[in-house]
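The opening residue of the sequence shown carries number 1347 in our numbering; numbering runs sequentially from there. Each residue gets a CB set at the ideal place from its N, CA and C atoms; glycine is no exception.
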Amino acid sequence: MKLLFSLFALCIISSISYAQDLEKLFVDKKPAVALINSGGGVCSGSLIEAEITLTAAHCVDRLYTPYVVYGKTEYKSAIVAMDRELDLALIRHLPVKDIKPISIKKAAEKLKQGQKLATIGHPLTPKPFANPPFSTEFSYLMSQGILSGKNSYDLITDMSLSPGNSGGPIFDEKGEQVGVVSRKRIDMGVGNIGVGAHHESIHSFLKDSKKEFVLPWFFAKTSGFGNITYNTLSAELAPQGVDNYGLWTFDIGLNLFQRLDTYWKIPLHKPDNLEDFYEFRLAYHLRFEMANHTYLLLSPIYGWARLNEEQSNSLGLQISHSALPLSLRYLSYDKTDSLGDIHSLELSLGSSF
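Here it is, written out as structure tokens:
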């Protein structure tokens, strides 16, 4: 009986001690955890030098100007290094004063499966038209768990992670940074499985990185995209007696360096008088930064279409927003012999892949 009581008391004391350790870690490290706003996307980061913040590559790979916040001070920054395979990036800014940088665990020191881990980050709710473009109610939240496993580049953990945690530091019991939050596995029947670049990958990345030069525009992310689009077409394509006609299309293409869209429009159904239709388009994005550091994108469009047996060119304009998966387009087509003038107003919903 005494043995059971002793074990029970030991467990309680151990739990209290661990809670106190977590509280101390949070108080000590919170000032050096960054909030990063890049085009309306919210991420976390860690101050590793007075002028350098470490984060995840996917947080800044569109190369929108990142704004890094420490305390109540916002720093307009630049991206100076990136490794998409490791999912790591470095951001340079003016020196952050009166905040001690976070130390990274030495590469030679190994992690042990089952050891305790913790992270501090910003699982925030986006608000694209607010300033700032997110709710700050859930900034600087702490999550804890264990090291579930490790491979050549990443560590695996059971910590609760949300999108705003990306780029944030992962700490061990000593308060040393042992990783950077990268992603979370979401699948049917799968619980909390978080992945982050471990400290050995961080040291390898830092060794190979140059911090003097800003990454040029062609380092920006190139990605495929797919949109489901509703096209409101002018009367010439509508069935008899109908003023306009709605045509659903699937748009598939490439976004090159976050500047140029190239894509095909494929109709999901066709009006009776449109036997043959396909279209190729180019759109160039002109960026206009808003007060909350999101971007309004105005994109001139040129298109080439085949309508029945005739070819037609189109010109138009697309309006979109860096923090929303929606775009609105207007296009006017060259007059064709069989169909006359054609105008199109389109609303697209889609995402990159």
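(1) When burial is assigned at 16 or more other CB atoms within 10 Å of the CB, is HIS1615 buried or exposed?
(2) From GLN1366 to LEU1432, what does the alpha carbon distance come to, in whole angstroms?
(3) Tell me which same chain residues have a C-beta within less than 7 Å of the C-beta of LEU1695, skipping the five on either side of it?
(4) In three-state terms, what does DSSP make of THR1608?
(5) Quick one, which of SER1550, VAL1415, TYR1410 has its alpha-carbon nearest PRO1377's?
(6) Put ASP1680 into one of helix, strand or coil per three-state DSSP.
(7) Please go through the same chain and pick out, in chain order, the residues whose beta-carbon is closer than 7 Å to the beta-carbon of PHE1480, but skip the five residues on each side of it.
(8) Taking three-plus beta-carbon pairs below 8 Å as touching, is the region 1454-1464 in contact with the region 1647-1659?
(9) Taking only the alpha-carbon atoms, compute the straight-line gap between LYS1370 and LEU1561 and give it to the nearest angstrom.
(10) Quick check: the region 1481-1492 against the region 1506-1521, are at least 3 beta-carbon pairs closer than 8 Å?
(11) How would you write the range of the alpha helix (DSSP H) that ILE1448 sits in, first residue to last?
(12) Of the choices ILE1516, ILE1598, ILE1450, GLU1621, whose alpha-carbon is the least far from that of GLN1490?
(13) I'd like the list of long-range same chain contacts for ASP1374, defined as Cβ closer than 7 Å, with 5 residues on each side in sequence excluded.
(14) Please report the Cβ distance between MET1290 and ASN1538, rounded to the nearest whole angstrom; I am assuming they are in contact, meaning their Cβ atoms lie under 8 Å.
(15) In angstroms, rounded to a whole number, what distance separates the CA positions of GLY1587 and ARG1633?
(16) Quick check on this structure: which residue in SER1423, ALA1637, SER1390, ILE1448 has the alpha carbon closest to the alpha carbon of MET1488?
(17) Which residues bound the alpha helix (DSSP H) around LYS1553?
(18) Can you grab the Cα-Cα spacing for the pair SER1498 / LYS1452, in whole Å?
(19) Taking only three categories from DSSP, how would you classify ASN1511?
(20) Helix, strand or coil for PHE1480 per DSSP?
(21) Please classify GLU1625 as buried or exposed, where buried requires at least 16 neighbouring CB atoms within 10 angstroms.
(22) Mind checking whether LEU1677 and GLY1662 have CB atoms under 7 Å apart?
(23) Mind checking THR1595: buried by the 16 CB within 10 Å criterion, or exposed?
(24) Pick helix, strand or coil for VAL1588, following the three-state DSSP scheme.
(25) Would you report the Cα separation of GLU1558 and ILE1425, rounded to the nearest angstrom?
(26) Among LEU1381, TRP1610, GLY1599, ALA1566, whose alpha-carbon lies nearest the alpha-carbon of HIS1468?
(27) Measure the CB-CB distance between ASN1383 and TYR1413 and report whether it falls below 7 Å.
(28) I'd like to check one pair, SER1645 with ASP1680: are the Cβ atoms closer than 7 Å?
(29) In whole angstroms, give me the CA-to-CA distance for HIS1404 and GLU1621.
(30) Could you check where the beta strand (DSSP E) with VAL1527 kicks off and where it finishes?
(31) Check the C-beta distance from SER1690 over to LEU1579 and give it rounded, since I have them as a contact under 8 Å.
(32) For ARG1529, which residues from the same chain have a beta carbon less than 6 Å from its beta carbon, with the 5 sequence-adjacent residues on both sides left out?
According to the data block:
(1) exposed
(2) 33 Å
(3) ASN1573, ILE1574, PRO1671, LEU1672
(4) strand
(5) VAL1415
(6) strand
(7) VAL1388, LEU1470, THR1471, PRO1472, LYS1473
(8) no
(9) 37 Å
(10) yes
(11) ILE1448 -> no alpha helix (DSSP H), and no H or E assigned at all.
(12) ILE1516
(13) GLY1521
(14) A question about residue 1290 goes unanswered here, because the residues of the chain that appear run from 1347 up to 1699.
(15) No answer about GLY1587 holds up, because its pLDDT of 48 lies below 50 and its placement is not dependable.
(16) SER1390
(17) 1545-1554
(18) 16 Å
(19) helix
(20) strand
(21) buried
(22) yes
(23) buried
(24) With a pLDDT of 48 at VAL1588, under the threshold of 50, the predicted position of this residue should be treated as unreliable, though the coordinate-derived value follows. In this structure, VAL1588 counts as coil in the three-state DSSP scheme.
(25) 10 Å
(26) LEU1381
(27) yes
(28) no
(29) 43 Å
(30) 1523-1530
(31) 5 Å
(32) VAL1541
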